[in-house]
Structures are given as structure tokens and as C-alpha cells.
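Undergrad: According to my numbering, the sequence shown is numbered sequentially starting from 11.
Note that CB positions come from ideal geometry on N, CA and C, so glycine has one too.
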Amino acid sequence: MARNIAVEELPERVAFDLKLQIALRKNAISIKENSKHPEKFDEYIQERENKIRKLLDTKDEIIVTEQGRVIFSSSNMDNGLIQKG
11 MARNIAVEEL PERVAFDLKL QIALRKNAIS IKENSKHPEK FDEYIQEREN KIRKLLDTKD
71 EIIVTEQGRV IFSSSNMDNG LIQKG
């Protein structure tokens, strides 16, 4: 079972850092999709996930929400990328 984390319930600085890492990861995945060498992005994307886990102090599967919307999931088939509706 995944651990659910609401951004609104985190301290302001942690919430900011978490959202930044999620955005950087999302951006890297988008760039990777159009790259001639997508494998070069794998390490960077993994570093972002490691930082997300470190910020949340967990190795469990996680789902991060913001105002009820899922913005990150570590268990998705699409590398944890969730598109904001």
C-alpha cells in the first residue's frame, strides 16, 4: 500500500523543495521523451526520486497530492509522472 502525502500538510520549506523536485523530474521526463539519447536522463531522474524520498524520509511507495490532485506517484508505470489536469 502506498503512503499518501498531502503537500498542504508539510512544512512550507519542505513542501516547496518537494514540489521543486517533482517539477524537475517531470521536466526531465518530458525532455527525455524527445531526446536522441534518452538513457542519459535516467540517472538525473533517479536522483530526483531519491531527493523526493529523502525529503519525505521514506523508501515506501508514495503518492503525493496537492489540493486533492495527484502530482507524483512512485508506483506508476510511467516513471511516477502524473500530468496535472
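Out of L65, I32, P48, I81, which one is the CA nearest neighbour of P21?
TA: Among L65, I32, P48, I81, the Cα nearest to that of P21 is on L65.
Undergrad: Who are the near neighbours of R63 in its chain, counting only those whose CB is closer than 7 Å to its CB and skipping five residues on each side?
TA: Correct list, in chain order: K69.
Undergrad: I need the straight-line Cα distance from V49 to E57, nearest angstrom please.
TA: First, the residue type needs correcting, since residue 49 is Glu and not Val in the sequence shown. Roughly 14 Å between the two C-alpha positions.
Undergrad: Bridge partners of A16, per DSSP?
TA: Beta-bridge pairing links A16 to T75.
Undergrad: Tell me the rounded alpha-carbon separation between N38 and D52.
TA: For clarity, residue 38 is Ala in the given sequence; the question names Asn instead. Their backbone Cα atoms lie some 9 Å apart in a straight line.
Undergrad: In three-state DSSP terms, what is S83?
TA: Correct three-state label for S83: strand.
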